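Report on one structure; see the data block that follows.
Residue numbers (my numbering), protein chains in the order written: chain A, 1 to 466; chain B, 1 to 466.
Here it is as structure tokens:
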């Protein structure tokens, strides 16, 4: 029997897609990547996933697991060989909320928005915030972080257990929804953030958090780049665990968003957009008897800060949280619309983030004066979406070698000179493979190879760690 | 050259302890365990640790790493063969606080109390709370959880990076103090909670949290066992991230502590100690302008709860936080003093914790009516220190086989019938090895074996995972 006939026997006719037109939305990634698959497998449950993986392993065919296909590193799309099999988890849609355990057991194909709609009915949320609407399985595979990381952590911090299909088709369950469990090596961490290489996650149990009942937002204008970190430390000291976001936005990124999305409210009008601004959010679960409104608390506290440390803050604007977040979430789209975008997903020790940006601005003003730095990011966790926008006709927009050289230089400065990460929250996929190959510790690469040998299969998916 | 001569050449005379009297405090564990070592190695830095491990690997000698020796599962002490080498990390004492990064880079031998004294000067803490004063390296090796887990997580949630000496003596650094870094498998998680088997952690970078400025405590008396979970959910909904502890204490454990430590204040006097009570703590980093005192908030909120849901709460007592925590931290000592103690460190899905305790109480009342159940634990994270106190002359106190049979039964019910963990926060060590051997998934044991082969050495320390 041919491989595809075998897959059809496993999946039934509705579980296998072969026509070009029907495969198109699976072959096309969210932003950059597009490939050509042999077929799309749409298993209905973990058992079918396991049977598909075992059959592919016996035929030496490569499977690329795919969730909602919103990733940014070509981790969920096929290459252009026409031989990859896409394995879509989109039919694994079960959601079971356990209110007492404050957890949810969900299929890998469940969308974040669907999980949060059901969780909200019980007063809970998976509070990982990002612009896209990924599937839970994809969030595990990339270890999604997002804009409220400083309060709620990444996926890793919220996964209580998972089931996965290993490269040879065996099914493994790890964790049983327990919060404390130290009965040996916690192997599930090797399935988190690794794009499915060591196994395809089919089911996840997630810790939920109480739904915030009350949120207030301010947009801060720091007096200068050197006051951003002191402002963060003041915010942490004053608000502690109520601080749920501290997001930096360069003026160039803000202007690009305002230009591109006319419905956005300019929080600075009629004044000009400043060089840099911070979206700060505080939240509480519920107001308690005697509690002042949260907006009053935030304004009062920032007022007190302005009196105590007038050198830190040039301005603070208040408004409805939805408006601030609409601006924040429009930055990415605005920057893409502003010209040819060369985007980096970097992170640093928190004290280094702004130093790196300043250093690159200075260097690029000499070597690439046409490039506009439109950075924004997560000051609270050291992450920075370092974006360069170059004019359509410039060398880096027209010559792939020039763009690649610029990319390599930025990454080298980030990793070698600043000890930073070349993939803060997007994982590896095909897009970051060359940087993994360049910078990963050879001992750790050896461990990945040893693990794959023990798992009895070649790795799954687009990335390679050995 | 003999092994010990080689060790002396590496460490110098002050780095090697051979005399019985000088080795005694290293050979003796915190509570249960006592062994006989060949010698104690006291390296001064990571380089010396690596040289010792390499030399031991070449001689086929077993090294048992040791921190402050406060563990409860015989993970840091030698067996009684007289051939094990204890490797003490006590000389690795460097502490470097990075305030901007809200992190600390510390040697494995640094005590939690010493780290927190230095961190407090910068307004930070490593907020993992437990009765003992362990070393940071030991906390990583056991993945310490503790009483404020529901707010701050375990060590795993707070480790930003570490350096470790692998079983063949190579040194590996993982993580560079970054919060977001998804550049491949996050191997450091295999070094956390694994008692040093895959490598000896010599240096750790830890995320710090802002020091709480304001804390209030109440002791709640639930109306019955069935109201404990609803009370937790109410507390989470009302206090959200301000809730820093929700600790259950059985009446039997409280009475044992009050009997044993006369300086403790009985929070219920002159009323009798209830069947069950909960120590609930809320914290905030700083009061903000207009904020009512935290004690008022807590009392007001519990008052409102009593009006809204009078069926949940029988009573609530308020007092100074220090008094509540003194009682909580005396439970363990009190229970040990009450008779022959048979202790379990279990965890469950949160909804199962009290059901397990009720089931065991019922079964034991038939089979072991002489046993007093003195449970206490972490209702907020499902952990329970399930303690049985039996009279000195009873079979389980005098016959090791009877005790072992009882142990095995309690663990079997916890793991098999309730899907729980037989080691919530104490890890494996020698004491839990038999349960690992009985309950670990064979596939995962195979992974451990494959990893050790790739690491090029037998495992380090007292536990075995292959």
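Where is the CB? At the ideal position from N, CA and C, for every residue including glycine. Note that the structure is a prediction, hence the values are computed from the model and not measured.
Contacts of residue i in chain E (Cβ-Cβ under 8 Å)
i	result
residue 95 (chain A)	Reference to chain E is not applicable here, since the protein chains of this structure are A and B.
Whole-number beta carbon distance between residue j and residue i, since they are thought to touch under 8 Å
i	j	result
residue 245 (chain A)	residue 147 (chain A)	5 Å
residue 64 (chain A)	residue 95 (chain A)	Their Cβ separation, rounded to whole angstroms, is 25 Å, which puts residue 64 (chain A) and residue 95 (chain A) out of contact at 8 Å.
residue 428 (chain B)	residue 75 (chain B)	7 Å
residue 141 (chain A)	residue 350 (chain B)	Not confirmed; about 27 Å, so no contact.
residue 321 (chain B)	residue 215 (chain B)	5 Å
residue 205 (chain B)	residue 177 (chain B)	5 Å
residue 279 (chain B)	residue 223 (chain B)	17 Å between Cβ atoms; not a contact.
residue 275 (chain B)	residue 251 (chain B)	5 Å
Interface flag, residue i vs chain B, CB-CB below 8 Å
i	result
residue 54 (chain A)	no
residue 443 (chain A)	yes
residue 242 (chain A)	yes
residue 116 (chain A)	no
residue 236 (chain A)	yes
residue 430 (chain A)	no
residue 6 (chain A)	no
residue 351 (chain A)	yes
residue 382 (chain A)	yes
residue 549 (chain A)	Beyond the ends of chain A as shown, which are 1 and 466, falls residue 549 (chain A); an answer cannot be given.
residue 395 (chain A)	no
Residue-chain proximity (residue i, chain A), Cβ-Cβ < 8 Å
i	result
residue 324 (chain B)	no
residue 128 (chain B)	no
residue 286 (chain B)	yes
residue 425 (chain B)	yes
residue 292 (chain B)	yes
residue 467 (chain B)	The structure shown does not extend to residue 467 (chain B), since chain B is modelled only from 1 through 466, so no value can be given for it.
residue 31 (chain B)	no
residue 436 (chain B)	yes
residue 297 (chain B)	yes
residue 135 (chain B)	no
Counterpart residues of residue i in DSSP-defined beta bridges
i	result
residue 340 (chain A)	A:390
residue 165 (chain A)	A:171 and A:200
residue 207 (chain A)	A:103
residue 124 (chain A)	A:210
residue 222 (chain A)	A:313
residue 22 (chain A)	Bridge partners of residue 22 (chain A): none, in fact.
residue 59 (chain B)	In the DSSP output, where bridge partners are listed per residue, residue 59 (chain B) has none listed.
residue 249 (chain B)	B:277 and B:376
residue 65 (chain B)	B:87
residue 347 (chain B)	B:383 and B:421
With 16 other Cβ atoms within 10 Å as the buried cut-off, status of residue i
i	result
residue 105 (chain B)	buried
residue 33 (chain A)	buried
residue 25 (chain A)	exposed
residue 375 (chain B)	buried
residue 209 (chain B)	buried
residue 391 (chain B)	exposed
residue 269 (chain A)	exposed
residue 181 (chain B)	buried
residue 293 (chain A)	exposed
residue 419 (chain B)	exposed
residue 462 (chain A)	buried
residue 339 (chain A)	buried
residue 238 (chain A)	buried
residue 70 (chain A)	buried
residue 139 (chain B)	buried
residue 381 (chain A)	buried
Exercise for the section: Inspect the CB distances between the region 430–449 of chain B and the region 37–45 of chain B and report whether three or more fall short of 8 Å. Expected result: no
Problem - Three or more C-beta pairs below 8 Å linking the region 437–451 of chain B and the region 354–369 of chain B - result: no
Problem - Contact the region 150–166 of chain B vs the region 158–168 of chain A: 3+ CB pairs below 8 Å - result: no
Problem - Three-pair Cβ contact test at 8 Å for the region 302–309 of chain B versus the region 260–278 of chain B - result: no
Practice task
Flag this pair as touching only if the region 255–262 of chain A and the region 330–338 of chain A have three or more C-beta atom pairs under 8 Å; answer yes or no.
Solution key: yes
Handout entry: At least three beta-carbon pairs within less than 8 Å, the region 269–279 of chain B to the region 339–348 of chain B
Key = no
Handout entry: Inter-stretch contact at 8 Å, needing at least 3 Cβ pairs: the region 216–223 of chain B / the region 312–321 of chain B
Key = yes
Exercise for the section: Mind the definition here: the region 376–391 of chain B touches the region 452–459 of chain B only if three or more C-beta pairs lie below 8 Å; say whether that holds. Expected result: no
Exercise for the section: Taking 8 Å as the threshold, find out whether the region 41–51 of chain A comes into contact with the region 10–23 of chain A through three or more Cβ pairs. Expected result: yes
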